[in-house]
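Residue numbers (this note's numbering): 309 to 511.
Cβ coordinates follow ideal geometry from the N, Cα and C atoms, glycine included.
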DNA sequence: TGCCAGGCCCTCTTTAGGGCCTT
């Protein structure tokens, strides 16, 4: 049975290219439709957290002042993820920080990302928007705590991933829906989503 | 000085523009 690693970052801003860095990471391992392991840590970004981001996440400069350095936490997180394929909501965002920080540590990042936001746009086009909070509410998924903390968002994304796998399998008559199949189909044009899934199934 | 993400998607498009989504 395939295991995937669902991750979520809290950061000081939107772009590592502009100097933003992670303040917290959470990774949950999902196998056979359930969470089987968890990793979570605050980290010290060595730059101030803007007030508006503290208001959003609740993570303060005082909270990260005593946290381990980013490099230490990222090495631990990379070991925890191992070779498992990755999943995130709006994965382009988390992938940028994942790649940027691991690149500075000379750690290879071979695992591909699947994006629950791109997939949700394909699978639930009737919804008004595809924010994580909207999807959790619309699909009646578990909400384990305050949103915009890494572990809560990672767990909500994990539940969304499991629901997507189940719904795609049921809608397309597939016994198993792998990470690779969904990652390949998530960027297909909307009209070709089903055909791409079928092609991946036949391959 | 003033501005600064970026990839995807839709449409009043495709030689472009703007909304969505993450913090």
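Taking the C-alpha atoms as reference points, what is the distance between residue 344 and residue 408? The straight-line gap from Cα to Cα measures roughly 27 angstroms.
Looking at residue 367 and residue 332, is the spacing between their C-beta atoms short of 8 angstroms? At a Cβ-Cβ threshold of 8 angstroms, residue 332 and residue 367 count as neighbours.
With a cut-off of 8 angstroms on the beta carbons, I'd call residue 431 and residue 472 a contact; round off their distance for me. Going by Cβ atoms, the distance from residue 431 to residue 472 rounds to 6 angstroms, so yes, they are a contact pair.
Beta-carbon separation (whole angstroms), residue 426 vs residue 494, contact threshold 8 angstroms: Between residue 494 and residue 426 the Cβ distance is about 4 angstroms, and since that is below 8 angstroms, they are a contact.
Would you mind reading off the limits of the alpha helix (DSSP H) that contains residue 360? Start and end: 359–365.
If residue 491 sits next to residue 420, beta carbons under 8 angstroms apart, how far is it from one beta carbon to the other, in whole angstroms? Correct: roughly 5 angstroms between the Cβ atoms.
Under three-state DSSP, which class holds residue 369? In the structure shown, residue 369 falls within a helical segment according to DSSP collapsed to helix, strand and coil.
According to DSSP, which residues form a beta bridge with residue 396? Bridge partners of residue 396: 423.
If we ignore side chains and look at the alpha-carbon of each, how far apart do residue 359 and residue 504 end up? Each residue's Cα considered, the two are about 44 angstroms apart.
Scan the region 397–470 and note each continuous beta strand (DSSP E) run of 3 residues or more that stays entirely inside, going in chain order. Those beta strand (DSSP E) runs which fall completely within the region 397–470 and span 3+ residues are 421–423.
Indicate the three-state DSSP secondary structure (helix, strand or coil) for residue 495 in the structure shown. Residue 495: coil per DSSP, three-state reduction.
Contact the region 347–359 vs the region 322–332: 3+ CB pairs below 8 angstroms: Under the three-pair Cβ rule at 8 angstroms, the region 347–359 counts as touching the region 322–332.
Locate the beta strand (DSSP E) running through residue 312, then write down its first and last residues. Boundaries of the beta strand (DSSP E) around residue 312: 311–319.
Whose C-alpha, out of 378, 442, 478, is nearest the C-alpha of residue 320? Of the listed residues, the one whose Cα sits closest to residue 320 is 378.
On a CA-only basis, which of 338, 346, 322, 457 is nearest residue 312? Give me that one, please. Checked all of 338, 346, 322, 457; the closest Cα to residue 312 is 338.
Would you call residue 511 buried or exposed, if buried means 16 or more other Cβ atoms sit within 10 Å of its Cβ? For residue 511, the predicted model reports a pLDDT of 49, less than 50, meaning its position is unreliable; a value from the coordinates is still stated below. It counts as exposed.
In whole angstroms, what separates the C-alpha of residue 364 from that of residue 485? Here the alpha carbon of residue 364 sits roughly 35 angstroms from the alpha carbon of residue 485.
Less than 8 angstroms between the beta carbons of residue 451 and residue 444, yes or no? Between residue 451 and residue 444, the CB-CB gap stays under 8 angstroms.
For the beta strand (DSSP E) containing residue 346, name the first residue and the last one. Residues 342–350.
In terms of residues, what are the limits of the beta strand (DSSP E) holding residue 334? Residue 334 -> beta strand (DSSP E) spans 330–339.
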